[in-house]
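Every number in the working numbering is 17 more than the matching position in the sequence shown, counting from 1.
Only one structure is covered here, and it is reproduced in the block below.
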Amino acid sequence: MQQTLWGEKLPRRRKKKIIPLPTTAPYAVTDNDCEVLGHTLRAWDLAGCTLCTDCHVNVFCRGCVKVHPLDEHAIHIFCPRHEERTVSA
Ligand SMILES: [Zn+2]
Ligand SMILES: [Zn+2]
């Protein structure tokens with residue numbers, strides 16, 4: 018019977034796999050996250066429309082366009098260009 022060096026019991030260190038618990042998520046993903054924190058908008062397109070990367074709702078700027086061309090239920094948020102006008106000096 019041939020016994021190799023590796024056949025012997027190797028002092029194996031038991032390493033515990035440390036799985037980080039998702040206790041502190043960087044973003045609280047809730048249903049009304051957008052309502053609380055505001056929508057995470059993509060870049061505005063030339064038509065004054067964008068959408069939220071979180072809830073994928075269509076967004077348009079009423080300063081740029083009267084209604085969203087594709088979604089009549091789209092919400093309106095002023096784009097950065099028109100937002101400044103709403104700020105009362
Ligand atoms: Zn959203
Ligand atoms: Zn606008």
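Cβ atoms here follow ideal geometry from the backbone N, Cα and C, with glycine treated the same way.
query	result
Could I get the ranges of all uninterrupted beta strand (DSSP E) runs contained in the segment 33-101, with 3 residues as the minimum, in chain order?	66-68 and 75-77
Among the residues of its own chain, which have a CB less than 6 Å from the CB of G80, if the five just before and after it don't count?	F95 and H99
If you compare alpha carbons, which of T70, P37, R30 and R59 is closest to P97?	R59
For T67, count neighbouring C-beta atoms within 10 Å of its own C-beta (all shown protein chains included) and say buried if the count is 16 or more, exposed if not.	buried
Residues around ligand 2, please: the condition is that the C-beta lies closer than 7 Å to some non-hydrogen atom of it.	G65, C78, G80, C81, F95, C96, R98 and H99
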